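One structure below.
Numbering (my numbering), first residue to last: 1 to 165.
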């Protein structure tokens, strides 16, 4: 909100794209996360590269990067921004049969990269689901959230500082 007003609505109460033209360009980074929960059989297939559609994590990684680049095409009020980097990483937890997805997105611009990071994490998770649905239909995608953001007027945000417990 700017001055206590919602910024994505015009004077008639209709949606608008916020004008960021007067904001200074700063280095901005956002980190987002998601978790995919599968059963033991599916986890082992992913780990061994045994899915018929191919290397699940390699495809999900590329899908996440592509999604970050296309975020304004699917999020209506999202500005197209000049991404300078997107990194999609996975951590497999054998005990929990989960795949933790972490995405870091960066740019130098006038608006943040939170939506790009969140979109990338979501699409990477959806890609894992798509590639594994033939062997398991009850895959769970959970805990999609912004982990950290920096740059711009609002400064640093960290998930851990706001969600302990």
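The beta-carbon is built from N, C-alpha and C at its ideal position, and this holds for glycine as well. It should be emphasised that the depicted structure is a prediction, and the values quoted were computed from it without experimental measurement.
Less than 8 angstroms between the C-beta atoms of residue 17 and residue 75, yes or no?
no
State whether the segment 141-160 contacts the segment 49-62, with contact taken as three or more CB pairs (one from each stretch) at a distance under 8 angstroms.
By the C-beta criterion, the segment 141-160 is judged not to be in contact with the segment 49-62, since fewer than 3 inter-stretch pairs fall below 8 angstroms.
Which value, in whole angstroms, describes the spacing of the CA atoms of residue 81 and residue 38?
34 angstroms
If we ignore side chains and look at the alpha-carbon of each, how far apart do residue 3 and residue 73 end up?
Residue placement at residue 3 is flagged as unreliable, the pLDDT there being 46, under the threshold of 50; the coordinate-derived value follows with that caveat. Their backbone Cα atoms lie some 29 angstroms apart in a straight line.
Any idea if residue 93 is buried or exposed, counting beta-carbon neighbours within 10 angstroms, 16 or more meaning buried?
exposed
Can you say whether residue 146 is buried or exposed, counting buried as having 16 or more other CB atoms within 10 angstroms of its CB?
buried
Note the first and the last residue of the continuous beta strand (DSSP E) segment covering residue 119.
First-last for residue 119: 114-132, but that is the alpha helix (DSSP H), not the beta strand (DSSP E).
What do you reckon, are the CB atoms on residue 45 and residue 68 nearer than 8 angstroms?
no
Evaluate residue 156 with the Cβ neighbour count: other Cβ atoms within 10 Å of its Cβ, from every protein chain shown; 16 or more gives buried, anything less gives exposed.
Residue 156 comes out exposed.
What residue ranges within the segment 46-94 form continuous alpha helix (DSSP H) runs of no fewer than 4 residues, ordered along the chain?
Runs of the alpha helix (DSSP H) inside the segment 46-94: 56-69, 71-74.
Contacts around residue 65, its chain only, beta-carbon distance under 7 angstroms, and the 5 residues preceding and following it disregarded:
86, 88, 120
Would you grab the beta carbon distance between residue 124 and residue 60 for me? Rounded to a whole angstrom, and I think it's under 8 angstroms.
4 angstroms
In chain order, what residues of the same chain lie with their CB nearer than 7 angstroms to the CB of residue 107, ignoring the 5 residues before and after it?
28, 81, 82, 83, 84, 113
When you compare only the Cα positions, how much space is there between residue 98 and residue 91?
Between residue 98 and residue 91, the C-alpha separation is close to 8 angstroms.
Nearest to residue 47 by alpha carbon, out of 95, 26, 158?
95
In whole angstroms, give me the CA-to-CA distance for residue 40 and residue 135.
11 angstroms
Strictly by DSSP, which residues pair up with residue 107?
28, 83
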